[in-house]
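Per our numbering, residue 14 is the first one in the sequence shown, and the count goes up by one each step.
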Amino acid sequence: MLAVGAWVLRVLPFFNRHGAFGYPVDYDEGVYFTASALLFEGLLPYRDFIFVHPPGALLLWSPAAALASGWDAATCFVLARWLAAGVGAFNVFLVGRLGLRAWGPVAGLVGALVYATYPELVIVERGPFLEPVLNLACLALANVWLDAPEDGRASRRWLWAGALCGLAISVKVLGGIWLAAALLSRSPRAAWRSQLGLALMAGATVLLLVGPFVAASPSRFLEDVFLFQSLRPGDGEPNRLVRLHDILHERRLVGVGLALLGLLVALVRAFRASGPARATERFFAVAYVLTVAAFLASPSYWNQYNAHLAASEAVLAGLGAAALHGWLPARGRTWARAVPVLLAVAVPLVSARHLREGLRARAPDLPALGRYLRHAVPADAPVCAFEPAWGLTGGRLPPRLPGVPVVVDAYALMLQDALGSGEHFASTQAAFSASASQRGILHVLERCRYVVLGWRGAWQLSAQSQQWLRERFIRRFPAEGQGGPDVWERRDAGVRASP
């Protein structure tokens, strides 16, 4: 029932007069869906366009994205949003199952509730982001690994756990944290064979899923996935204390408090004799601590990153609730019975205001842009959009133009060009101000008949580049004084320009 309720919470904003496109589309979900759709049109990430993560998510979103080559891209994106909500609902079930099997029904109920109502996660599980499928792989890994006995029997479970671990790493490098959690959850004295098998199977799965893309363009893969992430200038929230506050934010006060209690319980029990739930406690304590450390160490951070932290935080919250419930019988049966009910009410109640804001969010500009692109722009005219969703709303994927890269992620493309100059930039804005970041994107825009600029284009283009655009393009949409992404057409639209 909780999984069904979580699914309803995620899809509820899609019930408006504009449907799923009436709900705001984040830049990242547009990038991931577009990259997945282009993969099934024969274009490879790294070789044909920049993509700064491993390719696992492109494969996992394929049930919706693969249809874009034959169906309308906007329809397929809507399908992906519904699919993401379904993945989120199943993740709720996986969290509840972990808590139930390790510490009992109170842990299962509270853990599932924390995950189902986690504000940042609810937003992310409304679209084809990395986190829904990353959490799916990680939670499935935990269920399989922690179900298996420590003595090495049921060896197929280690194989499945390794495959799921490799899948998680193939979605995002942070999935490697869950490999560390699995290996550290059990004593190597009793489980070294299964641990070795897990690691080998994880490596084999990564090789199987990622290897073909690496073979197609090894240097670009290294540059996009590793060098870009390590050398990129900071973005989002730079202050580590502010990040920590956001990780422990009061919008999740009850869940965070229970998770910290669960973490404390796990740390205390780690130094005691082993028990049936010790492996689960160690697993999620390691996953939570390493994930928080990774967020604090990362050059960039946005609070939507917390959507992945939710996977370990929710299970630890279940442990904290079970521990609290176990300590209360000494105070009387009434308290012991009341606390699970109080927690079940308090967890969603604390987050209710933030969840309500998400339910009310609307993006009327996107459907209007989509109508303009469908009715006023020729179907064969190349349209370059600074956000992939702006093209998707009109049923368009990025154009393939001779001599220039396919622009799936204009943000990463321009940063990559800036980093290629060898300069060090203190911030993303400083990188976008450098002339090196502008040359590549202007080369692409010269080949386009239409450009969807929007706020992102105005942010990423320097003042000189914006002047260049105004000299060569004329604003067609929306009408003067109206907001939303703006569409520009080449002044010499009848002539095919060359760079």
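The beta-carbon is built from N, C-alpha and C at its ideal position, and this holds for glycine as well. Please read these numbers as outputs of a predicted model, since none were measured by experiment.
When secondary structure is reduced to three states using DSSP, glycine 268 falls in the helix class. Counting only the Cα atoms, glycine 179 lies some 29 Å from glycine 117. Between the beta-carbon of glycine 275 and that of leucine 329 there is about 4 Å, and that keeps the pair under the 8 Å contact cut. The closest CA to that of valine 417, considering only Arg60, Val24, Gly43, is found on Arg60. Beta-bridge pairing by DSSP links alanine 398 to Val465. In the DSSP assignment, glutamate 502 falls within the beta strand (DSSP E) that extends over 500-503. If you draw a straight line from the Cα of arginine 483 to the Cα of glutamate 493, it is about 15 Å long.
Judged by DSSP secondary structure, arginine 199 falls outside any alpha helix (DSSP H); it is assigned neither H nor E. Going by DSSP, phenylalanine 486 is part of the beta strand (DSSP E) stretching over 486-490. Proline 58 is bridged by DSSP to Phe62. Rounded to the nearest whole angstrom, the CA to CA distance from arginine 265 to serine 325 is 14 Å. Secondary structure of aspartate 248 (DSSP, three-state): strand.
With respect to proline 411, phenylalanine 46 sits apart: the two C-beta atoms are not nearer than 9 Å. With a beta-carbon spacing of about 4 Å, isoleucine 182 and glycine 188 fall inside the 8 Å limit used to define contacts. If the five residues before and after valine 127 are omitted, its C-beta is found closer than 6 Å to the C-beta atoms of Gly268, Ala327, Ala330, Val360, all from its own chain and listed in chain order. Only exposed fits arginine 253, as fewer than 16 other CB atoms lie within 10 angstroms of its CB. Note on geometry: alpha-carbon atoms of leucine 147 and leucine 466 lie some 31 Å from one another. Closest in alpha carbon position to arginine 282, among Trp315, Gly270, Ala336, Ser448, is Ala336.
The alpha-carbon separation between alanine 78 and valine 135 amounts to approximately 22 Å. Around the beta carbon of arginine 384, a 10 Å sphere encloses fewer than 16 other beta carbons of the protein chains shown; the residue is thus reported as exposed. Beyond the five residues adjoining it in sequence on each side, alanine 115 comes within less than 6 Å, by CB distance, of Ala290, Thr293 in the same chain, given in chain order.
By the beta-carbon neighbour count (other beta carbons within 10 angstroms, threshold 16), arginine 202 is exposed.
Separation of the CB atoms of tryptophan 95 and valine 17 is rounded to 14 Å, and the pair is thereby denied contact status at 8 Å. Here serine 475 carries a coil assignment [DSSP, helix/strand/coil]. Cβ-Cβ distances below 7 Å link histidine 66 to Leu143, Lys185, Val238 in the same chain, with the five nearest sequence neighbours on each side left out; the list follows chain order. Taking glutamate 250 as the centre and dropping the five residues before and after it, the same chain places the C-beta of Arg256, Tyr314 closer than 6 Å to its C-beta, in chain order.
Selection Glu42, Pro26, Phe53 evaluated against tyrosine 36 yields Pro26 as nearest (Cα-Cα).
Of the residues assessed, glutamine 477 falls on the exposed side of the cut-off, its CB having fewer than 16 other CB atoms within 10 angstroms.
Non-local C-beta neighbours of alanine 394 in its own chain, meaning closer than 7 Å and more than five positions away in sequence, comprise Arg462, Tyr463, ordered along the chain. For histidine 31, there is no enclosing alpha helix (DSSP H), since its DSSP letter is neither H nor E. Counting C-beta atoms within 10 angstroms of its own C-beta, leucine 107 has 16 or more neighbours from the protein chains shown and is therefore classed as buried.
Excluding sequence positions up to five before and after alanine 431, its CB lies within less than 6 Å of the CB of Ala444, Ala447, Ala449, Ser450, all in the same chain and listed in chain order. Around the beta carbon of glycine 224, a 10 Å sphere encloses fewer than 16 other beta carbons of the protein chains shown; the residue is thus reported as exposed. With contacts defined as CB atoms closer than 9 Å, glycine 109 and glycine 99 fail to qualify as a contacting pair. Per DSSP, the beta bridge partners of tyrosine 314 are Gly249.
Per DSSP, the unbroken alpha helix (DSSP H) holding tryptophan 20 starts and ends at 15-24.
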